[in-house]
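To start, the structure under review is shown below, and the notes come after it.
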Amino acid sequence: MATPAILFTNGRIFQSGVEPGTSAGLHREPTFASCMLVRGSQIEHVGSPSDAPIAAALAASSSSDSGGSGGSSTASPTTIVRDLGGRTVLPGFVDGHMHLMLLGQALNKLDLGGCRTLEEIQAAVRAHAAAHPEAPRILARGWMHSMTPGGVRAADLDGLAVDERTGRDRPVLVDSKDLHSTWCNTAAVAELGADAWADVPGGIIERDAEGRPTGVFSEAANMTYVWPFLARVATLEERVAAVEAAVRAYHAAGYTGLIDMAMDEGGWEALQAWQREKAKKGEDGGNPGMRIAAYWLIRPCERVEDALQQVERAVQLAGEFGAATTPDCRVVGIKVICDGIVDACTAGLKEPYAHDGRVGVPLWTREHLEPVVRRADEAGLQVALHAIGDATIAMVVDVLVRHANPNRRPRVEHLELASEEDAARLGTSRITASIQPVHADPAILRAWPRLLGEHRCGRAFAYRDFADRGAPLALGSDAPTAPHAPLGNLYVATTRRSYRDPAAGDAPVNPHFALGLCEAVAAATEGAAYSCFDDHRVGALRKGLKADFVVVDNMEWDKDKITAATVAETWIDGVKVWST
Ligand SMILES: [Zn+2]
């Protein structure tokens, strides 16, 4: 017998009313349909009970008692009616920028997010190490530089994770919340072999007067040395478990798709293995589980040829794993991290940092970046460039305008301090503004006026400019560097107030740059799908698209009340993959 169709009635089914890739504008209000008919993996119709397809489906189930709010009943062998009880249905969220493997691994790390001081961090690490006597090393996350204003050294973490059986201190590795730095104890520095590490361009290895590493590795040094080490020591089994943990967390949050922004060999191998295991178990009847598009991370190199070699690997994978072959797990392009972040004073700025006069410089020079972008674009790959500071943003927009075909939907990640002129160029060149509103949370920006000077803070997170100038918007979370809940992201995007720490009462950040609620929802669904060429399949609730959607409880259409809403069900391909 064929799978019955499912008719959802009495709902508020979101319709942005705009084409993917165009901005809805600040003031647009969505419309809501009451019914949606899903057959197999697809949406067959969205509309009202009087529409012919809905009426026919209702007639086919005329004997049914729809069973009240949220209930379901088998009306006929061919149609199931689900009364939504007035609840809202949104397209499945697509995270426009996140890190799947790091998120999955982070879910299993000690979270230091609640600590305020070095002493609290030490106590948390000690307790966690004692609770995990078998762990070969202790991994933690969520350290913020503001918790340790005096700076940190390896010795600050020594003696907290002693193995009772051997009496030896175990390695401790602590990620900064932004993932741009790792802080290690002495045992970890030794295990990493960091004494032998040479400096890398764009990287920081903090050293003592004798030149020995003191335990903190940032930016390119973190990416070049620490991440590959952690990827190496993680077994395939652990990595597959990380993928599974991240996917489950994403289902619960309301995501049906995601864009991984730093894919590498270890992550890709784990994804393939995860898919194989899922298929072998066969419990899900071939459900894709998550629609994944990946950008291959290009690491900075001394020689351009070495960077181009990495691009060739991405070209090869994109050829093998593309929209035509594996539409739910693709390599779509390359990612280049062109600068750091403002809080670590590593974002590339036009004027020096205000507090110490240092100049932030991009991690990539134009001379290195241009051939990489040109080659990737020629090969048909999408190009995603991380740029946070105004100098880096100006440079990467120049490079994209010159070397990337706008039809391939090139993109800039983060765009935290963009000039008016560059905001305009995003629009004229159809460069996707890939933005993560959770990074604009006022609770984590308290240092900005001191670091940048008040005058520059006025350009922080200029989302309104990007949208009004015509840049396609894709919303993302950058998880695990920021909370991944899409409703929290929408709240910051539309109110510019704090989602992380609302009680602190921080002033909203440049509220005139806020997005409208309809606009933000569209950017978090069809906008993100558009950014990776998946808008012909997903991102909206429309006839012929995949039945990827979420049922949301307690959602008033009001930006100030959006965080009171909760995701109650997540559906992918017409199958409920998660519910409360
Ligand atoms: Zn990122």
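Residues in the sequence shown are numbered consecutively from 498, following my numbering.
Ideal Cβ positions, reconstructed from N, Cα and C, are used throughout, including at glycine.
In the three-state scheme derived from DSSP, where H, G and I count as helix and E and B as strand, Glu-1023 is classed as helix.
Summarising the contact set, residues whose Cβ lies nearer than 6 Å to any heavy atom of ligand 1 are, in chain order, His-594, His-596, Met-758 and Asp-975. Contact between the stretch 702-715 and the stretch 727-745 is absent, with fewer than three C-beta pairs closer than 8 Å. Shortest Cα-Cα distance from Ile-510 to any of His-542, Ala-968 and Arg-662 involves His-542.
Nearest Cα to Val-697 within the set Asp-1003, Glu-799 and Leu-768: Glu-799. In the DSSP assignment, Met-892 falls within the alpha helix (DSSP H) that extends over 887-900. Along the stretch 908-947, the beta strand (DSSP E) occurs as fully enclosed runs of 3 or more residues at 908-911 and 929-932, listed in sequence order.
Every beta strand (DSSP E) of 3 residues or more that sits fully in the stretch 623-676 is shown, in chain order, as 635-640 and 669-673. Judged by DSSP secondary structure, Trp-1068 falls within the beta strand (DSSP E) whose first and last residues are 1063-1069. For His-883, the secondary structure class from DSSP, reduced to helix, strand or coil, is strand. In this structure, Gly-877 is the residue among Gly-877, Asn-784, Asp-757 and Asp-825 with its C-alpha nearest to the C-alpha of Gly-816. Taking a C-beta distance under 9 Å as the contact criterion, Asp-608 and Thr-978 do not qualify as a contact pair. Bounds of the alpha helix (DSSP H) holding Val-744 are 733-750. The shortest C-alpha to C-alpha distance from Asp-1070 to any of Pro-501, Ala-626, Gly-664 and Thr-753 is the one to Thr-753.
By DSSP's assignment, Tyr-792 forms a beta bridge with Gly-830.
In the DSSP assignment, the residues bridged to Arg-509 are Thr-585. Membership of Pro-710 in the beta strand (DSSP E) is indicated by the continuous run 710-716. The three-state secondary structure of Arg-961, taken from DSSP, is helix. The closest CA to that of Ala-731, considering only Gly-764, Leu-755, Ile-932 and Thr-823, is found on Gly-764.
Taking the Cβ atoms as the reference, Asp-836 lies roughly 19 Å from Gly-830, outside the contact range of under 8 Å. In this structure, Met-533 is the residue among Thr-519, Met-533, Ala-552 and Pro-527 with its C-alpha nearest to the C-alpha of Gly-508.
Between the stretch 949-966 and the stretch 996-1005 there are fewer than three C-beta pairs closer than 8 Å, too few to call the two in contact. Looking from the CA of Asp-1050, the closest CA among Pro-633, Lys-1056 and Ala-1062 belongs to Ala-1062.
Take Ala-1019, set aside five residues on each side of it, and the residues of its chain with a beta-carbon closer than 7 Å to its own are Ser-513, Val-515 and Ala-521, in chain order. Residue state for Phe-1010 is assigned as helix, using DSSP reduced to three classes.
A straight-line Cα-Cα distance of about 38 Å links Asp-962 and Lys-1073.
Of the candidates Ser-538, Trp-1075, Ile-503 and Asp-592, the residue whose Cα lies closest to the Cα of Ser-558 is Ile-503.
In this structure His-883 is in contact with His-911, their Cβ atoms being roughly 6 Å apart against a cut-off of 8 Å. Taking the C-beta atoms as reference points, Gly-712 is found nearer than 9 Å to Glu-703.
In chain order, Pro-939, Thr-992, Arg-993 and Arg-994 place their CB closer than 7 Å to the CB of Pro-1005, counting only its own chain and leaving out the 5 sequence neighbours on each side. Listed in chain order, the non-local C-beta contacts of His-596 below 8 Å within the same chain comprise Leu-676, Asp-757, Met-758, Ala-759, Asp-975, Ala-976, Pro-977 and Thr-978, local neighbours out to five positions each way being set aside. Note on Asn-682: 16 or more other CB atoms within 10 angstroms of its CB, so buried under the neighbour-count rule. Looking at the backbone, the Cα of Cys-842 and that of Pro-980 are separated by about 22 Å. Residue pairing by DSSP places Met-595 opposite Asp-757 in a beta bridge. Trp-640 is a Cβ neighbour of Ser-673, given a cutoff of 9 Å. Straight across, the Cα-Cα distance linking Asp-965 with Ala-920 is about 9 Å.
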